[in-house]
Structures are given as C-alpha cells and as structure tokens.
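**Q** Before I ask anything, here is the structure I am working with.
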Ligand SMILES: Nc1ncnc2c1ncn2[C@@H]1O[C@H](COP(=O)(O)OP(=O)(O)O)[C@@H](O)[C@H]1O
Ligand SMILES: [Mg+2]
C-alpha cells in the first residue's frame with residue numbers, strides 16, 4: 047500500500063487535539079501497517095481519518111497517490127471497498143449477529159441474499175460464533191461482539207482492512223485464535239492497517255510500525271528498528287514498560 051499523509055490535524059475542541067501536524071509516507075512495499083503507542087495518542091483517530099470515516103481539520107491523505115477527499119463521490123466507493131472494525135465495534139443493536147454481517151453484503155455490496163447468508167455464516171463459523179448467529183449484540187459478550195465486528199469487516203473481501211485494537215475485548219485463548227486469523231490474512235497478501243497493544247504480534251506481523259503519542263508520529267520504521275533500536279527515547283520508555291511483564 048502507499049499511504050501519504052501531509053500536515054494532518056484533527057482537533058475536536060481546543061482542549062481535545064487528537065492529531066497535530068502528522069506527516070508520514072509508508073514504504074511502497076508495506077502490506078501490513080501497525081499503529082502502536084500509549085492510549086490517547088491518536089491511533090483510533092488516525093485510523094478513522096485514513097478510512098475516510100471522518101474529515102481532517104487540516105491536511106491531506108493520499109492512498110496510492112489519490113487524495114481522499116471528503117467532498118467528492120469517490121469517497122463512498124473508497125469506503126465500500128474497505129473493511130473496518132471500530133474500537134467500539136459499532137454493531138447494529140437491533141440486528142442479530144448474522145444480520146449484522148449479511149445486510150451490508152446485500153444492501154451495500156449488492157450480493158444476493160443467498161450468497162450473503164452463506165458468506166455471513168462462514169464468517170461466523172471462522173470466529174467460533176456459529177451457535178450465536180441469531181443473538182443480538184446485547185445478548186453477546188464483548189469478545190463475541192468484537193468477533194462479529196471482525197467477521198463483518200472481512201466479509202466482502204475488502205481491499206484494505208482497518209482494525210482498531212481487534213483483540214482488545216478477548217480472553218487470552220480467543221485472542222490467540224483471532225490473531226491467527228489475522229496472521230493468515232497477512233500471509234495471504236491482505237492489506238491491513240491495525241492498532242494494537244499486542245507488542246509481540248505487532249513485531250511479528252508488521253511490515254512497518256507507526257508509533258503515535260500525544261497526537262504526533264514519533265517514528266515510522268520497520269518492527270526491527272522500532273523494537274530493537276528505537277529512534278526516540280519516549281518509544282524506548284514505552285516499550286520497556288509495556289513489555290516488562
Ligand atoms: N470524537 C471525539 N471527540 C472529542 N475528542 C476525541 C474524540 N475522539 C478522540 N478524541 C480525543 O483525541 C485524543 C486521541 O484519541 P484516540 O484517537 O482515541 O487515541 P488512541 O486510539 O491512541 O487511544 C484523545 O485525547 C481523545 O480524548
Ligand atoms: Mg483507540
């Protein structure tokens with residue numbers, strides 16, 4: 047993937063500056079881009095902006111040399127061909143797990159109901175949710191909802207998959223299973239951008255790591271550089287703390 051960000055800021059309020067003057071360009075051969083850094087650093091905000099789900103306060107975003115412009119129609123098709131998992135999952139509360147995956151396939155992606163159902167059931171099965179297909183989000187645990195969100199994000203075989211802390215709500219065993227699915231996707235050539243606090247997984251899966259803190263990018267580098275020889279002492283301090291236990 048080729049992503050370039052120029053002078054990007056997102057200011058929700060004077061006291062809530064999520065991103066400030068962010069500049070970076072991914073390496074041309076990056077297929078898996080991972081965001082790490084302390085909570086509140088701006089990871090979720092940057093993922094939403096890169097996905098075209100929110101507009102920046104200032105600055106420009108380019109995907110494969112094409113500018114993402116909130117004011118133009120191509121944004122809709124850009125969103126449609128990508129897949130998202132939000133930090134809060136954003137499932138439709140009145141729909142069952144199955145319908146949450148199936149309906150976008152029919153209504154947004156134009157699949158037949160029969161095809162969409164087959165795809166949705168396979169997705170639920172892949173994440174161990176076959177027995178929960180008829181439950182609404184309110185009847186599912188956080189971890190189950192997160193897996194429905196993942197299945198939904200992947201169901202239409204997106205060009206780019208954007209995952210915000212995809213394992214945050216999962217117990218260790220389920221976390222391992224979901225990380226294995228993400229690893230398979232990475233190995234299959236899927237373009238992915240994800241944020242995570244799983245440092246071991248970030249190191250193993252990423253082609254490139256972007257470290258965000260206090261709304262700025264402290265480094266974009268290979269996992270080896272970030273984890274073995276970080277350029278900024280704040281990165282070293284963060285990694286020492288989170289990887290200590
Ligand atoms: N919708 C919003 N409205 C106001 N402030 C926000 C909003 N989203 C994020 N922020 C603020 O922006 C900063 C970065 O948040 P976020 O992008 O969620 O960071 P991270 O994902 O790294 O934890 C935080 O201070 C947060 O409170
Ligand atoms: Mg976040």
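Residue numbers (my numbering): 47 to 291. Ideal Cβ placement from N, Cα and C applies to all residues, glycine included.
I need the straight-line Cα distance from residue 274 to residue 67, nearest angstrom please.
**A** Looking up residue 274 in the chain shown gives position 228. Looking up residue 67 in the chain shown gives position 21. Distance between the alpha carbons of residue 274 and residue 67: 27 Å.
**Q** Return the CA-CA distance between residue 204 and residue 198, expressed in angstroms with no decimal places.
**A** The residue you call residue 204 lines up with position 158 of the chain shown. The residue you call residue 198 lines up with position 152 of the chain shown. The straight-line gap from Cα to Cα measures roughly 10 Å.
**Q** Could you give the first and the last residue of the continuous beta strand (DSSP E) run that contains residue 67?
**A** As a working note, residue 67 is residue 21 in the chain shown. It spans 62-71 - the beta strand (DSSP E) in which residue 67 sits, taken as one unbroken run.
**Q** May I ask whether a heavy atom of ligand 1 can be found less than 7 Å away from the beta carbon of residue 258?
**A** For the purposes of this step, residue 258 is identified with residue 212 of the chain shown, where counting begins at 1. Answer for residue 258: yes, Cβ within range of ligand 1.
**Q** As an exercise, report each continuous alpha helix (DSSP H) stretch of at least 4 residues that is fully enclosed by the segment 132-184, in chain order.
**A** 143-153, 159-172
**Q** Say yes only if the C-beta of residue 242 is nearer than 7 Å to one or more non-hydrogen atoms of ligand 1, and no if none qualify.
**A** For the purposes of this step, residue 242 is taken as residue 196 along the chain shown, with counting starting at 1. Residue 242: no, Cβ never under 7 Å from ligand 1.
**Q** Going by Cα to Cα distance, which pick from 265, 240, 202, 256 is closest to residue 279?
**A** Locating residue 279 in the chain shown gives position 233, where the first residue counts as 1. Considering only alpha carbons, the answer is 265.
**Q** Would the beta-carbon of residue 91 be found less than 7 Å away from any heavy atom of ligand 1?
**A** Taking the first residue of the chain shown as 1, we reach residue 91 at position 45. Flag set: Cβ of residue 91 near ligand 1.
**Q** With DSSP run on the structure shown, which of helix, strand or coil describes residue 250?
**A** In the chain shown, residue 250 corresponds to position 204, counting from 1. Residue 250 falls in the helix class under three-state DSSP.
**Q** What three-state label does DSSP hand residue 56 in the structure shown?
**A** Numbered from its first residue, the chain shown carries residue 56 at position 10. Strand at residue 56.
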